[in-house]
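> Protein chains in written order, with UniProt numbering: chain A, 1 to 201; chain B, 1 to 373.
#1: Compile a chain-ordered list of the residues in the stretch 87 to 98 of chain A whose CB is closer than 8 Å to at least one CB of chain B.
#2: Could you check how far apart the C-beta atoms of residue 75 of chain A and residue 192 of chain A are, in whole angstroms? I think they sit under 8 Å.
#3: Along the chain, which unbroken stretches of the alpha helix (DSSP H) at least 4 residues long are found entirely within the UniProt domain "VPS9" (106 to 250) of chain B?
#4: What three-state label does DSSP hand residue 182 of chain A in the structure shown?
#5: Against residue 102 of chain A, what residues of chain B qualify as contacts under a CB-to-CB distance less than 8 Å, listed in chain order?
#6: Roughly how many whole angstroms lie between the Cα atoms of residue 32 of chain A and residue 78 of chain A?
#7: For residue 85 of chain A, which residues does DSSP report across the bridge?
#8: Check whether chain A comes within 7 Å of residue 358 of chain B, counting only Cβ atoms and requiring the distance to be less than that.
#9: If you run the structure through DSSP and keep just helix, strand and coil, what is residue 267 of chain B?
#10: Give the list of continuous alpha helix (DSSP H) stretches no shorter than 4 residues that lie fully inside the stretch 94 to 150 of chain A.
#11: At what residues does the beta strand (DSSP E) containing residue 173 of chain A begin and finish?
#12: Does DSSP classify residue 67 of chain A as helix, strand or coil?
#13: Residue 163 of chain A lies in the alpha helix (DSSP H); which residues open and close that run?
#14: Quick one, are the C-beta atoms of residue 197 of chain B and residue 305 of chain B less than 7 Å apart?
#15: Check residue 85 of chain B in the structure and name its three-state DSSP category.
#16: Find out if the Cβ-Cβ distance for the pair residue 116 of chain A, residue 166 of chain A is shorter than 7 Å.
#17: Could you give the residue range of the alpha helix (DSSP H) that holds residue 29 of chain B?
#18: Quick check on DSSP: helix, strand or coil for residue 18 of chain B?
#19: Does DSSP put residue 39 of chain A in a helix, in a strand, or in coil?
#20: Answer yes or no: do residue 241 of chain B and residue 177 of chain B have a C-beta to C-beta separation smaller than 7 Å?
#21: Find the residues of chain A that neighbour residue 226 of chain B, judging by a C-beta separation of less than 8 Å, and give them in chain order.
#22: Tell me whether the stretch 106 to 113 of chain A and the stretch 36 to 50 of chain A touch, counting them as touching only if at least three CB pairs, one residue from each stretch, are closer than 8 Å.
#23: In chain order, what residues of the same chain have a beta carbon less than 7 Å from the beta carbon of residue 207 of chain B, not counting five sequence neighbours either side?
#24: Quick one: which chain A residues come within Cβ less than 8 Å of residue 185 of chain B?
#25: Would you call the CB atoms of residue 375 of chain B and residue 162 of chain B closer than 7 Å?
#26: Between which two residues does the alpha helix (DSSP H) harbouring residue 48 of chain B extend?
#27: Mind checking residue 118 of chain B: buried by the 16 CB within 10 Å criterion, or exposed?
#28: Residues of chain A with CB under 7 Å from residue 189 of chain B, in chain order?
#29: For residue 196 of chain A, which of helix, strand or coil comes out of DSSP?
#30: Quick check: residue 86 of chain A and residue 72 of chain A, are their CB atoms within less than 7 Å of each other?
#31: With a CB to CB cut of under 6 Å and the five nearest residues on each side skipped, what residues in its chain are close to residue 128 of chain A?
#32: Of the choices A:42, A:141, A:30, whose alpha-carbon is the least far from that of residue 120 of chain A?
#33: Could you spell out where the alpha helix (DSSP H) holding residue 101 of chain B opens and where it closes?
#34: So is residue 197 of chain B in contact with chain A if we call contact Cβ pairs under 7 Å?
#35: Indicate whether at least one CB of chain B lies closer than 7 Å to the CB of residue 31 of chain A.
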């Protein structure tokens with residue numbers, strides 16, 4: 001693998017992080033460190049989405065961490081700020097559902113993923129949204145993602161249903177295909193735009 | 001990756017820290033550290049409070065170090081190394097006062113270890129639906145070893161490192177599987193079950209207390225990001241094991257209960273055997289012994305009082321005791337053989353604990369004894 005995580009950024013943020021370790025990272029106004037948690041049924045392609053995102057960035061200066069279930073990637077935004085996403089994958093199998101709060105605690109972003117070819121996974125996504133609304137941090141940026149958008153002929157969940165549900169719950173909605181890389185970067189760019197910025201002090 | 005924290009420079013940094021502390025210029029820092037450590041002997045252990053005090057002390061010391069002449073012009077990295085040295089020094093000194101320091105923690109540790117020892121007797125990868133391609137004994141063994149080392153360290157950072165190393169081994173297993181065998185990478189869906197399985201196989205001593213210790217005493221600025229992720233995975237593994245019941249696994253509920261019952265009986269007989277060192281002879285029947293988790297028994301201790309005796313020393317009065325011991329021994333031996341056979345036989349041949357035995361003699365015999373036990 002040979003990928004090493006960026007450390008200068010970590011070190012600078014270290015002191016501040018210690019003061020508000022319960023809050024999702026984040027530091028100075030220019031360089032955000034963001035904890036993002038992925039939720040969704042097993043098999044909806046959560047990890048494929050992030051792998052696409054992390055591997056798809058070809059900026060040679062960007063530092064990435066690629067683990068099987070933890071990944072980090074920094075993106076630069078147009079306003080010359082950077083956002084380092086620390087992506088926490090969670091096990092989607094039913095038997096681990098009760099463990100999720102340990103993972104989403106302190107997350108700034110939650111990405112709830114379903115598979116557009118499985119209405120069951122859409123039901124599960126709605127379960128996660130409710131759970132996050134009840135127990136998650138109120139400032140969390142929540143996103144609903146319908147993955148496997150390339151499998152149109154097998155679609156079970158319409159775009160309208162996804163969009164309507166997301167709108168009702170104040171979430172950003174997007175359909176992606178980890179296979180074709182469709183909308184993958186857009187997903188993370190949109191999340192970055194929606195992050196609350198620390199007020200410069 | 002997280003391996004940054006296991007750079008070989010750590011040992012160097014610790015000695016560098018000690019060197020600076022020996023410098024007369026650091027006398028004020030040395031005093032602060034010593035009086036902080038001593039202050040702990042004034043209070044009864046209170047994990048939450050102790051953790052908070054230590055974390056505040058780290059921050060205060062970091063500020064002192066930044067402003068200190070010995071560190072003037074030091075890079076962030078050097079200051080970080082010194083802080084690692086400080087953490088190790090302080091927590092090694094406070095270890096016995098802060099590690100597993102409440103009865104409650106020790107109780108949880110014992111309960112987890114006991115539950116794991118029961119699960120170990122029958123749990124298989126398929127019960128957690130671990131894909132065949134990830135069943136790699138060599139990798140798992142390596143991961144177990146890393147986890148098993150955790151309890152041997154006193155510094156929070158070193159304990160955390162054992163978790164991270166264990167997780168990295170699993171990580172590599174998953175990544176290799178995805179490259180070489182075209183196994184679609186399933187991230188945490190694959191990672192967590194393997195970690196749970198490895199943890200059960202390893203049964204790391206004092207799991208709960210080690211996790212608590214890291215959470216409370218690892219510098220908070222360092223328990224973030226990837227380190228925090230792997231830490232959280234082991235913490236959720238612990239929770240999963242504590243709450244584990246038949247429905248948590250892909251296993252028939254009756255079979256699960258039977259297996260747990262068998263393992264409990266086996267543990268019980270070992271405990272009883274262990275307690276016999278008090279010299280108390282029991283008339284009780286012996287439940288089968290699986291031969292696992294033997295806690296060690298005395299060779300010549302009071303449970304077998306005739307081991308060191310010559311024939312000429314015996315009196316007629318000893319016959320009753322000798323016969324009792326002989327029967328006890330034979331029972332134990334047959335039980336052990338029987339239960340060993342059951343444990344290694346297929347599921348369909350499991351002992352029927354409730355006595356509705358159908359098959360061969362041995363299971364019937366054992367189950368009758370189990371009923372009485």
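Even glycine gets a Cβ: it sits at the ideal position worked out from N, Cα and C.
Owing to the predicted nature of the structure, the values given are computational and were not obtained by experimental measurement.
In short:
#1: Residues passing the 8 Å Cβ filter: 88, 89, 90, 91, 92, 93, 95, 96, 98.
#2: That belief holds up - the Cβ atoms of residue 75 of chain A and residue 192 of chain A are roughly 6 Å apart, short of 8 Å.
#3: 137 to 149, 156 to 180, 188 to 202, 207 to 217, 225 to 243
#4: Reduced to three states, the DSSP call for residue 182 of chain A is strand.
#5: Around residue 102 of chain A, the beta-carbon contacts reaching into chain B at under 8 Å are 232, 235, 236, 239.
#6: Straight across, the Cα-Cα distance linking residue 32 of chain A with residue 78 of chain A is about 14 Å.
#7: Looking at the DSSP assignment, residue 85 of chain A forms a beta bridge with A:34, A:73.
#8: Caution is warranted here: a pLDDT of 41 is assigned to residue 358 of chain B, below 50, making its placement in the model unreliable, and no coordinate value can be reported.
#9: DSSP places residue 267 of chain B in helix when its eight states are reduced to three.
#10: 100 to 104, 119 to 135
#11: 172 to 175
#12: coil
#13: Residues 159 to 168.
#14: no
#15: helix
#16: no
#17: 27 to 39
#18: helix
#19: strand
#20: no
#21: 5, 65, 67, 70, 72, 86
#22: yes
#23: 109, 112, 238
#24: 47, 48, 51, 68, listed in chain order.
#25: An answer regarding residue 375 of chain B cannot be provided, because it is not within the stretch 1 to 373 covered by chain B.
#26: 47 to 66
#27: buried
#28: 42, 91, 92, 93
#29: Secondary structure at residue 196 of chain A: coil, using DSSP grouped into helix, strand and coil.
#30: yes
#31: 39, 112
#32: Out of A:42, A:141, A:30, the CA that lies nearest to the CA of residue 120 of chain A is found in A:42.
#33: Note, residue 101 of chain B: premise wrong, no alpha helix (DSSP H); not H, not E.
#34: So no, residue 197 of chain B is outside the interface.
#35: no
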